[in-house]
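These notes are about the structure you will find just below.
In mature numbering (1 follows the signal peptide of the UniProt record, and there is no 0), the protein residues as written are -20 to -1, 1 to 165.
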């Protein structure tokens, strides 16, 4: 299976004209897809994410500031150079067209909530992200719901308090609406 994943990862990079596939990318492909486009919506789309953000998340998993039963052991033995290579590789991939069809009314309410909470001050216009702030435009609905819920409940805290403070003001319906809005961008 590992050989198949590596071959798939290699063919995806060649098809997109991307840089060489880092050796550790095969392990990422099982959840995130060979090109950073996961099959299941519970996993984040990492294709086109900022390299700095991806690297910092890998480092946070490795150093225990962020935990996940799959990611934490996966990055445990990675070097900083391996993490940087993975971050650069997936950042160079093109984000996919979102398959999720947002509910128009929920998306409208989500847009209003994003404006009220000034989300674009950090995530920028179009929610493209910058440096250590992730691109959330077109992100998987289920993943957005989980992350905002985790920030609200403080089970995810590797944000220097910013997202925790914002998420604390959100209701479950606000989170659902924001997820519809962001997935539809």
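Each residue gets a CB set at the ideal place from its N, CA and C atoms; glycine is no exception. Every value quoted in this text rests on a predicted model; they were computed, and no experiment measured them.
The residue among 93, 72, 118, 99 with its C-alpha nearest the C-alpha of residue 82 is 118.
Judged by pairs of C-beta atoms under 8 Å, the segment 22 to 37 touches the segment 109 to 116, as three or more such pairs exist.
Excluding the 5 residues flanking it on each side, residue 151 has no same chain C-beta neighbour closer than 8 Å. DSSP, read as helix, strand or coil, puts residue 25 in coil. The C-alpha of residue 155 lies about 19 Å from the C-alpha of residue 138. Distance from the Cα of residue 115 is smallest, within the candidate group 149, 70, 88, 85, for 70. Sixteen is the threshold: when 16 or more other Cβ atoms of the shown chains lie within 10 Å of the Cβ of residue 143, as they do, the residue is buried. Relative to residue 148, the option among 161, 1, 131 whose CA is nearest is 131.
When beta bridges are read from the DSSP output, residue 113 appears opposite 110. Contact between residue 16 and residue 78 does not hold, since the beta-carbon distance rounds to 14 Å and is not under 8 Å.
Excluding five sequence positions before and after residue 75, the CB atoms of its chain that fall closer than 7 Å to its own CB belong to 25, 27, 28, 118, given in chain order.
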